[in-house]
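Numbering (this note's numbering), first residue to last: 1368 to 1524. Backbone N, C-alpha and C fix where the C-beta goes; we use that ideal spot for every residue, glycine too. The structure appears right after this line, and notes come after that.
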């Protein structure tokens, strides 16, 4: 597995929860069931950040799951913002999120309202309509990775 974002066992989870990876998304990647659509969304974002295609496919509902996902070594997933994650109702849930990433030294934001369904005792990602926008942050703006530092001294430009 190629890591686009290194994660140490004691390091913070890529999903931005502030919790250690081992206490946050790692248990889901090792087979634990995500209790909510938001938890599944965060664990899927982490899978993108870690380039863990097997986990993405394993959590995708069979009705919409692609046969395979090609590796994406060029995208560096930097931060996740949950815009809205209303309480699930009648086995259905949604999560609206923004995911910031760099590709070929250019910043982008992916925005999506993802749909989830609860079947067979677990949550599954069904689909969403993503939009991707190219961003052009200035050198003295705060870095989009969420570090709080200026972009010129953090992830660069």
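Start-to-end residues for the alpha helix (DSSP H) that takes in residue i
i	result
residue 1413	1404–1417
residue 1390	Unbroken run through residue 1390: none, as it is neither H nor E.
residue 1425	1420–1425
Buried versus exposed call for residue i [16 or more other C-beta atoms within 10 Å across all chains shown]
i	result
residue 1503	exposed
residue 1385	exposed
residue 1419	buried
residue 1493	buried
residue 1406	buried
Cβ-Cβ distance between residue i and residue j below 8 angstroms
i	j	result
residue 1408	residue 1464	yes
residue 1482	residue 1461	yes
residue 1467	residue 1423	no
Where residue i sits in the DSSP three-state scheme
i	result
residue 1517	strand
Would you list, in sequence order, the uninterrupted beta strand (DSSP E) runs of no fewer than 3 residues that lie entirely inside the region 1452–1501? 1459–1470, 1473–1486 and 1489–1494
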